[in-house]
Amino acid sequence: MAEDINGNLYCLDCKLNVDSNARHRQQELFAMEDKQQQDPLELRAAKADLNYIRLDGNIGCMVNGAGLAMATMDIIKFHGGDPANFLDVGGSATVDQAAEAFRIITADTDKVDAILVNIFGGIMRCDVIAQGMINVVNELQLKIPVVVRLQGTRVEEAKALIADADLRMLACDDLDQAAKMVVKLSEIVQLARSVPIDVSFHLS
1 MAEDINGNLY CLDCKLNVDS NARHRQQELF AMEDKQQQDP LELRAAKADL NYIRLDGNIG
61 CMVNGAGLAM ATMDIIKFHG GDPANFLDVG GSATVDQAAE AFRIITADTD KVDAILVNIF
121 GGIMRCDVIA QGMINVVNEL QLKIPVVVRL QGTRVEEAKA LIADADLRML ACDDLDQAAK
181 MVVKLSEIVQ LARSVPIDVS FHLS
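Residue numbers for the sequence shown follow UniProt numbering, so the first one is 1 and each next one is one higher.
Here it is as structure tokens:
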């Protein structure tokens, strides 16, 4: 808003954020959307029905539920880390959605040094998330460490899938411990990249 010398008020700029759930009712508004002004990864996530926001940090996050995602980012910051994204897979994600979430997180390969997966399986099944992660880690041949904290529905099946996959995924039951672990691992990768040297992770 601006006021001229005569005391008249003018609107000079306006930004409108429309709830995507109202798309079917507000088609005229959504038709005016300029996708070129949007982050390509955020658009890609929206197509997969994922809620993704890119941030400035180096620790990728995949979580189910906005509240848990915020808490996960807070605890990473508390332990000295910096989240690379907000990514909420929702309460009913499929194997394909879980895999696409991982692809999106790792799209910034020079930026993401480690990944924390924090899933509480209420409606969401932990084994679905685990299978999606396994599929895409194999597909992308990820070299960065992945810390996985799973609790809830079919968690034992999920842990068995991860153990049998023999990948660079570290399972952790406690969120605080998982956050500490992913921050330390991200620091190792970041240090190695700054030298630069290649670092390989093997689970003992």
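Glycine is no exception: its CB is placed at the ideal position from the N, C-alpha and C atoms.
For a test of the three-state rule: what should DSSP assign to residue i, helix, strand or coil?
i, result
"Asp88", "strand"
"Asn6", "coil"
"Cys126", "helix"
"Met1", "coil"
"Gly182", "A small correction: the amino acid at residue 182 is Val; Gly does not occupy that position in the sequence shown. In this structure, Val182 counts as helix in the three-state DSSP scheme."
"Arg103", "helix"
"Ala48", "coil"
Report the residue from the options whose alpha carbon sits nearest the alpha carbon of residue i.
i, options, result
"Asp176", "Cys11, Arg154 and Asp74", "Asp74"
"Pro83", "Met1, Gly65 and Ile115", "Ile115"
"Met62", "Gln97, Lys184 and Asp39", "Gln97"
"Ser200", "Glu33, Ile59, Lys143 and Phe120", "Lys143"
"Lys15", "Ile76, Gly60 and Glu33", "Glu33"
"Ala48", "Asp164, Glu100 and Ala160", "Glu100"
"Arg23", "Ala46, Val183 and Pro40", "Ala46"
"Arg154", "Ala163, Met133 and Asp127", "Asp127"
"Ala66", "Gln36, Phe120 and Leu29", "Phe120"
So, using beta-carbon positions, are residue i and residue j closer together than 8 Å?
i, j, result
"Asn135", "Ile105", "no"
"Val18", "Gln27", "no"
"Val89", "Asn64", "yes"
"Ala93", "Ala130", "no"
"Gly91", "Gly122", "yes"
"Gln190", "Asp108", "no"
Between residue i and residue j, which are expected to be in contact by the criterion C-beta below 8 Å, what is the C-beta distance as a whole number of angstroms?
i, j, result
"Asn118", "Ala178", "7 Å"
"Val147", "Met124", "Incorrect: roughly 18 Å between the Cβ atoms, too far for contact."
"Asp110", "Arg149", "Actually they do not touch by this definition, with Cβ atoms about 26 Å apart."
"Leu161", "Val137", "Actually they do not touch by this definition, with Cβ atoms about 12 Å apart."
"Leu41", "Tyr52", "6 Å"
Is it buried or exposed for residue i, if we count other Cβ within 10 angstroms and need 16 for buried?
i, result
"Ile197", "exposed"
"Ala31", "exposed"
"Ser186", "buried"
"Tyr10", "exposed"
"Asn6", "exposed"
"Met1", "exposed"
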